[in-house]
Amino acid sequence: MMNMFSDIYSVFWLDLRVMRRHWKSLIATSLVLPLLYLVAFGYGLGRGITVDGVSYLSFVIPGIVALTTFSTSFNSASSKLQVDKMYYKSFDELLMSPVSSYAIIIGKALIGVLRGAISAIAIYLAGLALAPTLLVNPLLFLMLTLLSCFVFALFGVMVALIIASHHGMSNFSTLVILPMTFLCGTFFSLNELPSIAKVVLYFLPLTHSAELLRSTVLGLSFPWLSFVGLLIFGVAFFIGCIFALKKSSV
Amino acid sequence: MDSIYTENLCKDYGSLKAVNNLNLSVHDGEIFGFLGPNGAGKTTTIRVLTTLTCPTSGRVSVGGYTVHDEPDKVKKMIGVVQQHLSLDRDLTVRENMEFRARIQHLNSSKRKQRITELLEYVELTEYADKMVDTLSGGMKKKAAIVCSLIHEPKLLFLDEPTVGLDAQARRRLWDFVRRLNKDGTTIFLTTHYIEEAEVLCDRVGIMHHGQLIAVDTPANLREKVGSIVVETLVDNKETHYQFFANRESANTYVKSLPADVKTVIIRESNLEDVFIEQTGEKVGDQ
């Protein structure tokens, strides 16, 4: 077991080293889009609007935090892995080492967790400046943020292992990631949608992350269904990673 | 003992037989060269031997361990330098070495010791903290090799080690490979450079369309087709090659040629001649 932890850290160590070298630009670039959403949708467009009984600003901030965990964790985990796999070819070195597949998958996801959590917490703090009432249960919020980051980072690792070209990755971003960004209850309430659309959106992981984080910061009852849903997505992505790794050696 | 042993190894990609019934033995302590054009199946063979790709059928053992059943034991005893170097260009040479030492389970003091030793061994100490991308081609290659030596592997795979290097850097790398071999590392290298296989390898296997068509020492391979070759140009169109066991027979043949046969060259045969004789193609034809 100790070997497993040490292997996970060894895999993470490489990405951590790269991040240490470029940390300012990496964090700054991952904050630009959520901050723009915060200003444009929350502070600009949404002032004076009420959604589900709360101000739109209070409603949208946890949605943007969930979106940040999704986009930053997914992109950080997938982009470095894609570069390692396709350009540097250094990913093969991991496969030829005695490090287990489980350690490779978790180790590669951790950079997504770290960067996603830093960005999400920064956005949350910026949101608190605009809506101080959102500070309800910071510890639970932090744990759910980390869970979201981990699930989305595993998603990124799985996609990077499966897709073998830059073109394919770009298509995936446009066809899957972008629609999820706007549709999963991040900017509007799912209660306003027809029930069939609602059912479809519950099959996407970001919907559950947004529900969980929103209920935590607004002090609503805990959405256990979304918690279990997000865990199921995490397990499914992990299994997907194992299959993708196995398939790469066939 | 054999460092590498394969029996009827096959690797198919759909209808393409990338490796077709390969039977190969590489002995402990030798430099074995795998010669053949691009697409002959050399890199696929290396990928199977290094656990990266599963064979379609056949038996493969490396260092006495079956690759399929005991991949972790195989991984601990091999070092691999891929054609594309596989260094992380966002890191320094030292960081790349540190990473490779970590994933090979070396403890902290052993890591420091091996990194210092190896950097001195290849005279890269002053470049240790430079980013990989700032190094010359030859230095990058050396850095890639020392990364793969960090855990003291008994068997080193070098896939096209001198591609992209200038003549001087290539020769320096050959010296380095010889030194490694002298210090006890068995070397398995693939190349499509004839000269490299001839000057560096104790034995050479020639691959063609996924099959091993010949394997022996370079001298024996040349002797089998004829040590001396006479090149003649007929009608200014096509070069003909005639092989002879010795120079006397070659001279007799040249004297007997008709007057209209031009450009007669008498020279020692090389592995390219062996390849052409065996396959009817040149090494670079694929």
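Chains as they are written, first to last, in my numbering: chain A, 2 to 251; chain X, 389 to 674.
All C-beta atoms, glycine included, are put in the ideal place defined by N, C-alpha and C.
Is residue i close to chain X? Criterion is C-beta to C-beta, closer than 7 Å.
{"i": "A/P99", "result": "yes"}
{"i": "A/V212", "result": "Reading the sequence as shown, one finds Glu at residue 212 of chain A and not Val. Output row for A/E212: interface = no."}
{"i": "A/D93", "result": "yes"}
{"i": "A/L323", "result": "Not covered by the structure: residue 323 of chain A. The range shown for chain A is 2 to 251."}
{"i": "A/L15", "result": "yes"}
{"i": "A/K109", "result": "no"}
{"i": "A/K25", "result": "no"}
When DSSP labels each residue in this structure, what does residue i get in the three-state scheme?
{"i": "A/D53", "result": "coil"}
{"i": "X/M595", "result": "strand"}
{"i": "X/F420", "result": "strand"}
{"i": "X/C398", "result": "strand"}
{"i": "X/L543", "result": "strand"}
{"i": "X/V551", "result": "coil"}
{"i": "A/I164", "result": "coil"}
{"i": "A/R48", "result": "coil"}
{"i": "X/V448", "result": "strand"}
{"i": "X/E511", "result": "coil"}
{"i": "X/D521", "result": "helix"}
{"i": "X/A633", "result": "coil"}
{"i": "A/I9", "result": "helix"}
{"i": "X/Y393", "result": "strand"}
{"i": "X/G614", "result": "coil"}
{"i": "X/S330", "result": "Outside the modelled stretch of chain X, which goes from 389 to 674, sits residue 330 of chain X, for which no answer is possible."}
{"i": "X/N608", "result": "helix"}
{"i": "A/K247", "result": "helix"}
{"i": "X/N706", "result": "What is shown of chain X runs 389 to 674, which leaves residue 706 of chain X out entirely."}
{"i": "X/T574", "result": "strand"}
To the nearest angstrom, how far is it from the Cα of residue i to the Cα of residue j?
{"i": "X/D476", "j": "A/A211", "result": "36 Å"}
{"i": "X/D460", "j": "X/D521", "result": "31 Å"}
{"i": "X/N624", "j": "X/T432", "result": "40 Å"}
{"i": "A/S59", "j": "X/S536", "result": "54 Å"}
{"i": "X/N639", "j": "X/H628", "result": "16 Å"}
{"i": "A/Y10", "j": "A/L162", "result": "20 Å"}
{"i": "A/I62", "j": "A/F173", "result": "26 Å"}
{"i": "X/L506", "j": "X/L543", "result": "17 Å"}
{"i": "A/D16", "j": "A/R22", "result": "10 Å"}
{"i": "X/P549", "j": "X/V510", "result": "15 Å"}
{"i": "X/L621", "j": "X/V462", "result": "51 Å"}
{"i": "X/I466", "j": "A/Y88", "result": "23 Å"}
{"i": "X/E660", "j": "X/I582", "result": "6 Å"}
{"i": "X/E514", "j": "A/I105", "result": "32 Å"}
{"i": "A/L32", "j": "A/K25", "result": "11 Å"}
{"i": "X/E395", "j": "X/R559", "result": "34 Å"}
{"i": "X/T578", "j": "X/C589", "result": "10 Å"}
{"i": "X/K530", "j": "X/Y641", "result": "48 Å"}
{"i": "A/P133", "j": "A/Y103", "result": "41 Å"}
Report yes or no: is there a C-beta of chain A within less than 7 Å of the C-beta of residue i?
{"i": "X/I491", "result": "yes"}
{"i": "X/R501", "result": "The question names Arg, but residue 501 of chain X in the sequence shown is Gln. Chain A contact via Cβ: absent."}
{"i": "X/H472", "result": "yes"}
{"i": "X/K464", "result": "yes"}
{"i": "X/F545", "result": "no"}
{"i": "X/D476", "result": "yes"}
{"i": "X/F487", "result": "yes"}
{"i": "X/D460", "result": "yes"}
{"i": "X/N658", "result": "no"}
{"i": "X/E348", "result": "Residue 348 of chain X is absent from the model: chain X starts at 389 and stops at 674."}
{"i": "X/E505", "result": "no"}
{"i": "X/Q674", "result": "At X/Q674 the pLDDT is 45, less than 50, meaning the model places this residue with poor confidence and gives no usable figure here."}
{"i": "X/E540", "result": "no"}
{"i": "X/T431", "result": "no"}
Our contact map puts residue i next to residue j with C-beta atoms below 8 Å; I'd like the distance itself, whole angstroms only.
{"i": "X/V594", "j": "X/F663", "result": "Correcting the residue identity first, residue 594 of chain X is Ile in this sequence and not Val. 6 Å between Cβ atoms; contact."}
{"i": "X/V565", "j": "X/M485", "result": "Actually they are not in contact, since the Cβ atoms of X/V565 and X/M485 sit about 19 Å apart, beyond 8 Å."}
{"i": "X/F545", "j": "X/V603", "result": "At roughly 17 Å, the Cβ-Cβ gap does not stay under 8 Å, so X/F545 and X/V603 are not in contact."}
{"i": "X/Q470", "j": "A/K90", "result": "6 Å"}
{"i": "X/L479", "j": "A/V84", "result": "So it is not a contact: roughly 12 Å between Cβ atoms."}
{"i": "X/L561", "j": "X/G525", "result": "Not quite, the Cβ-Cβ distance comes to about 10 Å (not below 8 Å), so this is no contact."}
{"i": "A/L214", "j": "A/C185", "result": "Their Cβ separation, rounded to whole angstroms, is 12 Å, which puts A/L214 and A/C185 out of contact at 8 Å."}
Check whether the region 574–581 of chain X touches the region 491–501 of chain X, taking contact to mean three or more Cβ pairs, one atom from each stretch, closer than 8 Å. The region 574–581 of chain X vs the region 491–501 of chain X: no contact.
Flag this pair as touching only if the region 69–84 of chain A and the region 109–124 of chain A have three or more C-beta atom pairs under 8 Å; answer yes or no. A contact exists between the region 69–84 of chain A and the region 109–124 of chain A.
Can at least three beta-carbon pairs, one atom from the region 395–411 of chain X and one from the region 232–250 of chain A, be found at a separation below 8 Å? Under the 8 Å Cβ criterion, the region 395–411 of chain X does not count as touching the region 232–250 of chain A, having fewer than three qualifying pairs.
Any contact of the region 95–103 of chain A with the region 436–453 of chain X, i.e. 3+ C-beta pairs under 8 Å? Three or more pairs of CB atoms, one per stretch, sit closer than 8 Å, so the region 95–103 of chain A contacts the region 436–453 of chain X.
Would you call the region 152–168 of chain A in contact with the region 228–235 of chain A, where contact means no fewer than 3 C-beta pairs closer than 8 Å? The answer is yes - the region 228–235 of chain A touches the region 152–168 of chain A, with three or more Cβ pairs under 8 Å.
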